[in-house]
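J.: After the structure tokens below, expect a handful of questions from me.
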Amino acid sequence: MIDKLLHPWETASMASETPETPCEKPLRDQSAVATVVSAIEAQIFSGELKNGQSLPAERSIVEQMKVSRPVAREAVKILEGKGLVKAAPRHRPMVRTPDVGTVLGMLGGLVGHLTHASGGTRQIFDLRIFVEAGLVRLAAEKASKEQIARLKAALKSNEDSIDDSLAFYESDRAFHGLLYDVVDNPVFPAIHTAFSDWLDVRWRQMPRDPERNRTNFEAHKSILDAILGRDPDRAEEALRAHLESAWDQVKRSFDDL
251 MIDKLLHPWE
261 TASMASETPE
271 TPCEKPLRDQ
281 SAVATVVSAI
291 EAQIFSGELK
301 NGQSLPAERS
311 IVEQMKVSRP
321 VAREAVKILE
331 GKGLVKAAPR
341 HRPMVRTPDV
351 GTVLGMLGGL
361 VGHLTHASGG
371 TRQIFDLRIF
381 VEAGLVRLAA
391 EKASKEQIAR
401 LKAALKSNED
411 SIDDSLAFYE
421 SDRAFHGLLY
431 DVVDNPVFPA
441 IHTAFSDWLD
451 VRWRQMPRDP
461 ERNRTNFEAH
471 KSILDAILGR
481 DPDRAEEALR
491 AHLESAWDQV
501 KRSFDDL
């Protein structure tokens, strides 16, 4: 299987007969690693290498690609870093077919750096406001009876947990998460998970008290009331007011934003 994609690059990865300068070998190795990564990626994306299937043995890659074992191992490490394979001790790495969650998960580490840069957390939060403003309008226009019932249940859980700040935080996430389910598209719930994960470290460090929880609950209630009234303008206004207020709470809690 692997030779069908790797064969065209065999001669490119073979050692040159011309003596190398000290920097040529590292450059050639980097090129060889990129070639192996590209070839295996192509097989994964085409479905030739399927989810849960073992990668070709290291020896097979070495022989067919005419590369060294360190090059083959580095290529597998890069594929693992991209979330395309999963390595385990004493087992051949297995393919992980990428999905939305995998892709956003790979972005997580990069985006996480933004939360430590000046203005970075606000940039992520602005994106969240933009997405949820659109979703809450859709909820007001087309949420089904079942979706509305779930929103009502989430709001009730939110109210019941006002005196328990950790439980309130989780119910807060759950309420907002339901907005991402209004669109029948798996991308949106994955985006909510990503937002939650990226912002979670900051949010969990915030001091909380029942009074602040009560304020946030009332904001959630205003959002749901607008959805029940099928008023997208009022729903968006309530959502934006709530998240801007939440941001003010965050700014008062941290000096480095």
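Mapping of the sequence shown onto our numbering: residues 251 to 507, in sequence order.
For each residue, glycine too, the CB sits at the ideal point set by N, CA and C.
#1: Which ranges does the alpha helix (DSSP H) cover as unbroken runs of at least 4 residues, wholly within the segment 376-458, from first to last along the chain?
#2: For arginine 480, I'd like the list of residues in its chain whose CB is within less than 6 Å of its CB, leaving aside the five on either flank, ordered along the chain.
#3: What are the boundary residues of the beta strand (DSSP E) that includes valine 345?
#4: Nearest-angstrom Cα distance between valine 381 and glutamate 298?
#5: Please state if the CB of arginine 458 and the CB of serine 394 are separated by a distance shorter than 8 Å.
#6: Buried or exposed: threonine 421, going by 16 or more other Cβ atoms within 10 Å of its Cβ?
#7: Suppose the cutoff is 6 Å on Cβ atoms and the five residues either side in sequence are ignored; what does the same chain contact list for arginine 378 look like?
#8: What is the residue span of the beta strand (DSSP E) that alanine 322 lies within?
#9: Would you mind reading off the limits of the beta strand (DSSP E) that contains alanine 496?
#10: Are arginine 372 and alanine 485 closer than 8 Å when you measure CB to CB?
#11: Thinking just about the alpha-carbon of each residue, which of Leu478, Ala488 and Asp483 is nearest to the one in alanine 469?
#12: Among Arg309, Gly302, Glu313 and Met315, which one has its Cα closest to the Cα of valine 335?
#13: Confirm, please, whether the CB-CB distance from leucine 385 to tyrosine 430 is below 8 Å.
#14: In this structure, does DSSP put alanine 284 in helix, strand or coil?
#15: Can isoleucine 374 and tryptophan 453 be called in contact, C-beta distance under 8 Å?
#16: Any idea what DSSP makes of lysine 300, helix, strand or coil?
#17: In three-state DSSP terms, what is alanine 338?
#18: Do you know whose CA, among Ala383, Gly370 and Gln499, lies nearest glutamine 455's CA?
T.: This is what the structure gives:
#1: 395-410, 415-429 and 437-455
#2: Ala390
#3: 341-345
#4: Answer to the nearest angstrom: the Cα atoms are 35 Å apart.
#5: no
#6: Rather than threonine, the amino acid found at residue 421 in this sequence is serine. Serine 421 should be labelled buried.
#7: Phe445
#8: Note, alanine 322: premise wrong, no beta strand (DSSP E); alpha helix (DSSP H) at 319-331.
#9: Alanine 496 -> not in any beta strand (DSSP E); alpha helix (DSSP H) instead, spanning 482-503.
#10: no
#11: It is Ala488.
#12: Gly302
#13: yes
#14: Residue state, collapsed to three classes: helix.
#15: no
#16: coil
#17: strand
#18: Gln499
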